[in-house]
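With this note's numbering applied, the sequence shown has no gaps in its numbers, which climb one by one up to 336 at the end.
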Amino acid sequence: MSDPLILAIPSKGRLKDQVEAWLQDCSLGLDMSGGDRGYRARLRGADGVQVRLLSAGDIAEALVAGDVHLGVTGEDLLGEQGPGSAEATLLLRPLGFGRADLVVAAPRSWLDVSVMCDLEDVAHERLVRTGRRLRVATKYLAQTREFFARHGIADYRIVESGGATEGAPAAGIADIIVDITTTGATLQANDLKILEDGVILRSQAHLAAGLRADWTPGGLAAAESLIRIFEARAAAHASATLIWPGGDDDPILPELEALGAVRRPNGLLAPLALVPRIAERLTSAGRGPVTASRPDFVFETACPPWDGLRAALEKTDKRVR
C-alpha cells in the first residue's frame, strides 16, 4: 500500500519490551525486517501500517518534525523538544508503563533546603557571597528552565549532563540535579533528596501523534483503525460484562445504569470496581444466576482520541491529500 501510516516504537531496552507486550496484548504482532536487529517492521493485524524502530529520544524528535504519524515515547522526552513542540504533537493515550518522574534533587546534607523557595534563597545567597551561580546538572534543559522560572529562580546556570547525572554533585561538577527517577533508589545511593515541591513531571510512555506529518486519506484510515483497537482493548481491561436471565428488559436496569453501568444484550457492561456492588444488588433482588466475565475488546461508536486527532489536524489547517 502506498503512503502507509508510520508508527515509531522504541528500538531497545525495557521500553521496547513493554511496547511489544502492549501491542501483543492488543492482538497486534510485529514482523521484523532484517531479523531481531532490524529497524523496520510490519504490524500484523493492522493494514497500511509501517513500523519504525528508533530510540525514544529520536521518536520524540520525529513526532515534532512530522517524520512519523504516530509514536510511543516518554512525555518527558516530548517536553524537551523546544518551543512549538506542544503545537506539533498530540498525546493520544497514556500507556501505564515507562513511568519516571522528572525531579529536582539536592544533597541530603543541605538540611535547610527542602522546597524550591529554599533553593531560591541558597542560589541568591551564593551569588552575592561568591559571585558564582548555583550549578544545575541536567539533560532536560527546556523543562528545567521553565520550572525554575515558575518558581522565580534565576541565579543558576545549567551544566549539561552527558553521563550519569546523579553523580554530578559528588564529583563536584554541579550543586544540584534535575533528572528522571523511577524508585528514587539511585538518588538515595548518591546522597540526594527530592525537594518536596520539586517534581517537574510525572511521566510515562504515551501514544502520540505528529501533527506536522503528511496525513493522507489512507494514513488517516489506518490511524483510526489502530487507535480504535487500542481504545477497545483499554476499555476491556477496565470493564466486565454481567448477564442474568431476563437481563434485556429488567426493571432494575435504570438503577444500575445510574451507578455507571451501560446496557448490553442480556445485561450490562460495568467498570470493574462496580462489579461486586452491582452483582450483590442483583442477587439480593432475586436475580440470578449472575455471570461476570471480561471482554477481549469493547468497541464504542465514540472514540475520543481519534476525534481529538481529527480536530487537531483541522485546527492546524493540515491539508489531507
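Glycine included, each C-beta is placed from N, C-alpha and C at the ideal position.
- Unbroken alpha helix (DSSP H) stretches of 4 residues or longer found wholly inside the segment 284 to 331: 290 to 299, 319 to 330, given in chain order.
- Taken atom to atom, the span from the alpha-carbon of LEU289 to that of PHE245 is near 23 Å.
- Straight-line measurement puts the Cα of ILE209 at about 10 Å from the Cα of ASP116.
- By the beta-carbon neighbour count (other beta carbons within 10 angstroms, threshold 16), ARG248 is buried.
- Shown here, GLU175 sits in a strand according to DSSP, grouped into three states.
- GLN33 is a Cβ neighbour of PHE112, given a cutoff of 8 Å.
- In the structure shown, VAL64 falls within a strand segment according to DSSP collapsed to helix, strand and coil.
- In this structure, ARG309 places its C-beta atom within 8 Å of the C-beta atom of ALA255.
- In the assembly as shown, THR180 is a buried residue. Its beta-carbon has 16 or more other beta-carbons within 10 Å.
- Between the segment 140 to 160 and the segment 173 to 188, the count of Cβ pairs shorter than 8 Å is three or higher; the stretches touch.
- ARG227 places its beta carbon 8 Å or farther from that of GLY72.
- Positions of the beta strand (DSSP E) runs, each at least 3 residues long and wholly inside the segment 106 to 154, are given as 115 to 122, 149 to 153 in order along the chain.
- About 18 Å separates the beta carbons of MET131 and GLY199, which is beyond the 8 Å limit, so they are not a contact pair.
- Remark: C-beta atoms of ILE191 and VAL119 approach each other more closely than 8 Å.
- Distance between ASP18 and THR145, taken at the CA atoms: about 60 Å.
- Taking C-beta atoms as the reference points, PRO319 and TRP259 fail to come closer than 8 Å.
- In the three-state DSSP reduction, LEU43 falls in the coil class, being neither helix nor strand.
- Note that the C-beta distance between LEU257 and ALA300 is not below 8 Å.
- Cβ contact annotation for ASP91 (same chain, cutoff 8 Å, sequence separation greater than five): ALA115, LEU117, TYR155, GLN158, ILE195, LEU216, SER218, in chain order.
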